[in-house]
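So the protein sequences, as listed, match chains A and B.
The opening residue of the first sequence carries number 1 in the UniProt record's numbering; numbering runs sequentially from there.
The opening residue of the second sequence carries number 1 in the UniProt record's numbering; numbering runs sequentially from there.
Even for Gly, the Cβ is constructed at its ideal location relative to N, Cα and C.
These numbers were taken from a predicted model, which means no experiment stands behind them.
Working notes, beginning with the structure itself.
There are 2 protein chains.
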Amino acid sequence: MHTTSCDRKHDVYDASCPCRQVLDLLANKWSALALGALEDGPRRFGALRDRLDGVSPKVLTATLRRLEDQGLIDRTVFPSVPLHVEYSLTALGKDACAPLAALRAWVVDNIERFPTAAVSAGDGR
Amino acid sequence: MHTTSCDRKHDVYDASCPCRQVLDLLANKWSALALGALEDGPRRFGALRDRLDGVSPKVLTATLRRLEDQGLIDRTVFPSVPLHVEYSLTALGKDACAPLAALRAWVVDNIERFPTAAVSAGDGR
DNA sequence: CGATCGTAGTACCCAAAGGGAACTAAGAGC
DNA sequence: GCTCTTAGTTCCCTTTGGGTACTACGATCG
Numbered sequence: 001m002h003t004t005s006c007d008r009k010h011d012v013y014d015a016s017c018p019c020r021q022v023l024d025l026l027a028n029k030w031s032a033l034a035l036g037a038l039e040d041g042p043r044r045f046g047a048l049r050d051r052l053d054g055v056s057p058k059v060l061t062a063t064l065r066r067l068e069d070q071g072l073i074d075r076t077v078f079p080s081v082p083l084h085v086e087y088s089l090t091a092l093g094k095d096a097c098a099p100l101a102a103l104r105a106w107v108v109d110n111i112e113r114f115p116t117a118a119v120s121a122g123d124g125r
Numbered sequence: 001m002h003t004t005s006c007d008r009k010h011d012v013y014d015a016s017c018p019c020r021q022v023l024d025l026l027a028n029k030w031s032a033l034a035l036g037a038l039e040d041g042p043r044r045f046g047a048l049r050d051r052l053d054g055v056s057p058k059v060l061t062a063t064l065r066r067l068e069d070q071g072l073i074d075r076t077v078f079p080s081v082p083l084h085v086e087y088s089l090t091a092l093g094k095d096a097c098a099p100l101a102a103l104r105a106w107v108v109d110n111i112e113r114f115p116t117a118a119v120s121a122g123d124g125r
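This is the structure we're talking about:
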């Protein structure tokens, strides 16, 4: 387990620790969904916009740029005719998918226990 | 284990699914930190404010209320002299802690791989 | 030759959330 | 009656989120 030379300052509870920024990036609805959407392989901008139901192009762009800046995804431009941009997970992004997938799965698995979902829980429609 | 009658509509990728709202609640910096801070047992407002370095009382209140509304935490008021309010995890909240703890742990464990942390990685200061 | 299409965004504008500092309430103790 | 503590609330400003419309580009259609 890649024991780094110094672990003392790595604490998500410390506002000045870089961990906090990374947590803020990953603990985000759109980030969690976008990374999950790339788990099956590279996807194009339009495909991501469709998959991430309800996301606006502006927010999707911002989310993808942030993930790219932090090295979680790669952005590949194919200068073909109607322009083609593919987003794919980096090794780091793939690794980050594990805890995020667990979180998404937990939500789906336990949704019936939430008051928000209670209405639809008995809804056989 | 809680096999519900119908799982088909539960999808975090569907904007209209209650899952999305729950994901939005949990996939949030302050929620993830607040629930984690309560893992060791009940804590008071002030203790949480201290632990969640950088949080403003307003945002902490809003976060706690949201978590309370969704049944993840309990708020107990002790009408003692300088007023005493204790926040604690519900069974649901305890369960939600597992994936969130995994996410926090992953961040701390992999922080050196992020460009954001690269500066401080070799920084012995 | 101009109009239209598809893709991946950007620009503009508004609403909501985040965030800080100061203030409130209520009673104990000085 | 002043101060201390605790748990917020209120005000205001900045940041972020979000929707809609628009752009650029060449290909293809009419």
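Residues that residue i contacts on chain A, provided the C-beta gap is smaller than 7 Å
{"i": "R104 (chain B)", "result": "V12, L23"}
{"i": "D53 (chain B)", "result": "Y13, D14, A15"}
For residue i, three-class secondary structure by DSSP
{"i": "residue 126 (chain B)", "result": "Since the first residue of chain B shown is 1 and the last is 125, residue 126 (chain B) is not available in this structure."}
{"i": "D95 (chain B)", "result": "helix"}
{"i": "D69 (chain B)", "result": "helix"}
{"i": "E112 (chain B)", "result": "helix"}
{"i": "V81 (chain B)", "result": "coil"}
{"i": "D74 (chain B)", "result": "strand"}
{"i": "T4 (chain B)", "result": "Because T4 (chain B) carries a pLDDT of 42, less than 50, the predicted location of this residue cannot be relied on, and no value is offered for it."}
{"i": "R125 (chain B)", "result": "For R125 (chain B), the pLDDT reaches just 38, beneath the cut-off of 50, and the residue's location in the model is therefore unreliable, leaving the point undetermined."}
{"i": "S120 (chain B)", "result": "Confidence in S120 (chain B) is poor, its pLDDT being 46 and thus under 50, which makes the residue's placement too unreliable to answer from."}
Contact set between residue i and chain B, taken where Cβ atoms lie within less than 7 Å
{"i": "C19 (chain A)", "result": "V107, V108, I111"}
Whole-Å CB distance - residue i paired with residue j, under 8 Å assumed
{"i": "P42 (chain A)", "j": "S88 (chain A)", "result": "4 Å"}
{"i": "S16 (chain B)", "j": "L67 (chain B)", "result": "In fact, because the Cβ distance is near 23 Å, the residues do not count as touching under 8 Å."}
{"i": "N110 (chain A)", "j": "D95 (chain B)", "result": "7 Å"}
{"i": "L60 (chain A)", "j": "R75 (chain A)", "result": "Rounded, the Cβ-Cβ distance is 12 Å, inconsistent with contact."}
{"i": "A34 (chain A)", "j": "L64 (chain A)", "result": "7 Å"}
{"i": "L26 (chain B)", "j": "L100 (chain B)", "result": "7 Å"}
{"i": "R44 (chain A)", "j": "V85 (chain A)", "result": "6 Å"}
{"i": "K29 (chain B)", "j": "D24 (chain A)", "result": "5 Å"}
{"i": "V12 (chain A)", "j": "R104 (chain B)", "result": "5 Å"}
{"i": "F21 (chain B)", "j": "T90 (chain A)", "result": "Residue identity check: residue 21 (chain B) is Gln in the sequence provided, not Phe. Not a contact, Cβ separation roughly 30 Å."}
{"i": "I73 (chain B)", "j": "G93 (chain B)", "result": "5 Å"}
{"i": "A102 (chain B)", "j": "A62 (chain A)", "result": "Not confirmed; about 26 Å, so no contact."}
{"i": "C97 (chain B)", "j": "G36 (chain B)", "result": "7 Å"}
Within chain B, the residues that residue i reaches when beta carbons sit closer than 9 Å
{"i": "F45 (chain A)", "result": "Going along chain B, no residue has its Cβ under 9 Å from F45 (chain A), so there is no contact; the nearest lies around 16 Å."}
{"i": "V65 (chain A)", "result": "This sequence places Arg at residue 65 (chain A); Val is not what is there. Here the premise fails: no neighbours, minimum Cβ distance about 13 Å."}
Interface partners of residue i on chain A, CB under 9 Å
{"i": "D40 (chain B)", "result": "Within chain A, no residue comes near D40 (chain B); the closest Cβ sits about 12 Å away, beyond 9 Å."}
{"i": "L48 (chain B)", "result": "Simply none; closest approach about 11 Å."}
Residue i: contacting residues in chain B (beta-carbon distance under 8 Å)
{"i": "P57 (chain A)", "result": "Near P57 (chain A) there are no residues of chain B at all, since even the closest Cβ is about 15 Å away, more than 8 Å."}
{"i": "T61 (chain A)", "result": "The contacting residues do not exist; T61 (chain A) stays about 18 Å from chain B at best."}
{"i": "L92 (chain A)", "result": "N110, R113, F114"}
{"i": "Y83 (chain A)", "result": "Residue identity differs from the one stated: residue 83 (chain A) is Leu in this sequence, not Tyr. None at all; the shortest Cβ gap to chain B is about 25 Å."}
Chain A residues whose Cβ lies nearer than 8 Å to that of residue i
{"i": "residue 164 (chain B)", "result": "Nothing can be reported for residue 164 (chain B), as the shown portion of chain B is limited to 1 through 125."}
{"i": "P115 (chain B)", "result": "D69, Q70, G71"}
{"i": "L89 (chain B)", "result": "None at all; the shortest Cβ gap to chain A is about 13 Å."}
- Query: Taking any Cβ of chain B, which residues in the segment 67 to 78 of chain A have a Cβ under 9 Å from it, in chain order?
  - Reply: Residues passing the 9 Å Cβ filter: D69, Q70, G71, L72.
- Item | Positions along the segment 25 to 39 of chain B whose CB lies within less than 7 Å of some CB in chain A | Considering only beta carbons, the part of the segment 25 to 39 of chain B lying closer than 7 Å to chain A consists of L26, A27, N28, K29, A32, L33, in chain order.
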